[in-house]
Amino acid sequence: MYLIDGYNLLHVLKPNRRAAVDDVARLQMLELLSAFSRRKNREVICFLDGTPGVISPGELQRPGVRVKFCGPDEQSADRAICRYVEEALDPHRLTVVSNDREVRSVCRREGAKLVSSDEFAGLLGQPSQAPSRGHVSPQPESKLPIKREHFQGIEREMLEEIGDMDQFERDTLKELE
Numbered sequence: 623m624y625l626i627d628g629y630n631l632l633h634v635l636k637p638n639r640r641a642a643v644d645d646v647a648r649l650q651m652l653e654l655l656s657a658f659s660r661r662k663n664r665e666v667i668c669f670l671d672g673t674p675g676v677i678s679p680g681e682l683q684r685p686g687v688r689v690k691f692c693g694p695d696e697q698s699a700d701r702a703i704c705r706y707v708e709e710a711l712d713p714h715r716l717t718v719v720s721n722d723r724e725v726r727s728v729c730r731r732e733g734a735k736l737v738s739s740d741e742f743a744g745l746l747g748q749p750s751q752a753p754s755r756g757h758v759s760p761q762p763e764s765k766l767p768i769k770r771e772h773f774q775g776i777e778r779e780m781l782e783e784i785g786d787m788d789q790f791e792r793d794t795l796k797e798l799e
């Protein structure tokens, strides 16, 4: 099972968008997560701060993906992810996707697997658009960034499923009006 720090991943996928209020960006991310879930045959839980806003929770449902809003009852999505891992019967079977230092520290201590949001964006076939964080130290060959050409088939499959991303965004905006 994958536990996703939703807005953290969304910031990597769409760094110039106001993710917390951008329903279209959230829907696009959930489509990518659903395609990933089907490909890997693994369940995904996407933790999001706040509430669904104007969009109904039902509209956010996607096959293989559960969305957990961490509104007034939770401190934050970060805390909800940590609590989920801490309470898990077998945290070694969980993979946490986050760049948050505290989330990663708690989840590492509990034995969950960790994937950075940047690396996971590559697994989704969507390279990170986040600005570089300065000097990048050399990585062993097994840890080199994933190259786009490795995902041509997956990218084609995703585009066939949801079509052109710009058109998907326009269609989704029309549906929300």
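Each residue of the sequence shown is one higher than the one before, starting from 623 at the first, in our numbering.
Every residue gets a Cβ at the ideal spot worked out from N, C-alpha and C, and that includes glycine.
Asked                                                                                                     : Found
Start and end residues, alpha helix (DSSP H) containing ASP740                                            : 739-745
Cα-Cα separation, VAL666 to VAL719                                                                        : 10 Å
Reduced DSSP secondary structure (H/G/I, E/B, other) of HIS633                                            : helix
Opening and closing residue of the alpha helix (DSSP H) in which ARG661 lies                              : 645-662
heavy atom of the ligand MN below 7 Å from ASP671 C-beta                                                  : Among the components of this structure there are no ligands whatsoever, and the ligand MN is therefore not found.
Residue range of the unbroken alpha helix (DSSP H) whose run includes ASP700                              : 699-709
Pairwise C-alpha distance: ARG723 and ALA702                                                              : 15 Å
Reduced DSSP secondary structure (H/G/I, E/B, other) of ALA716                                            : Sequence check: residue 716 is Leu here, not Ala. It is coil, neither helix nor strand.
Buried versus exposed call for GLU653 [16 or more other C-beta atoms within 10 Å across all chains shown] : buried
Secondary structure of ASP793, DSSP reduced to three states                                               : helix
Rounded separation between ASN663 and GLN697 - CA only                                                    : 31 Å
Beta-bridge pairing of CYS668 - partner residues as DSSP gives them                                       : ILE626, VAL689
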